[in-house]
């Protein structure tokens with residue numbers, strides 16, 4: 004996790020995003036800065052690689068889907084994004100890296116935040132010897148109820 008919070012970022016300020024990338028240990032390439040502007044230029048959100056690729060194309064940011072995946076994983080490893088795995092083939096990347104959980108709306112393929120304080124655990128199992136719990140992710144799958 005990084006020492007800075009992107010929640011306080013001004014919208015669409017390339018010099019600020021360049022500094023954030025540098026502080027996270029990432030070289031601020033043209034593509035990384037352009038993708039950071041798309042990701043962090045507004046309120047917190049959840050995005051798939053495919054969604055970000057569509058947004059990049061619409062914004063005339065020439066970038067391949069493979070580069071999108073690589074950049075999202077680099078941002079995640081640097082602590083700038085949180086990855087939420089829905090299943091073996093689908094992940095969303097959350098710009099809010101604070102502790103919280105999610106509803107996954109199956110009908111709409113979208114995520115909704117759940118405050119961490121809304122989920123209680125009586126106890127967590129002891130991790131295997133020599134390991135510690137790094138994070139607990141709860142994803143509750145929901146769909147529209149029949150009328």
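In our numbering, the protein residues as written are 4 to 150. Glycine included, every Cβ here is placed at the ideal spot set by N, Cα and C. These numbers were taken from a predicted model, which means no experiment stands behind them.
Residue i, enclosing beta strand (DSSP E) - first and last residue
i, result
"residue 96", "93-97"
"residue 104", "103-108"
"residue 88", "85-90"
Status (buried if at least 16 other CB within 10 Å, exposed otherwise) for residue i
i, result
"residue 26", "exposed"
"residue 69", "exposed"
"residue 32", "exposed"
"residue 50", "buried"
"residue 23", "buried"
"residue 64", "buried"
Residues that residue i bridges to, as DSSP identifies them
i, result
"residue 128", "Answer is none; residue 128 lacks a bridge partner."
"residue 114", "107"
From the options, residue whose alpha carbon lies closest to that of residue i
i, options, result
"residue 35", "140, 103 and 71", "71"
"residue 113", "53, 29 and 20", "53"
"residue 107", "20, 116 and 101", "116"
"residue 67", "56, 61, 75 and 77", "56"
"residue 37", "47, 58 and 28", "58"
"residue 179", "125, 92 and 97", "Residue 179 lies beyond the residue range present for the chain, which begins at 4 and ends at 150; the question has no answer from this structure."
Backbone secondary structure at residue i - three-state DSSP
i, result
"residue 79", "helix"
"residue 40", "helix"
"residue 35", "helix"
"residue 25", "helix"
"residue 47", "coil"
For residue i, the first and last residue of its enclosing alpha helix (DSSP H)
i, result
"residue 56", "52-61"
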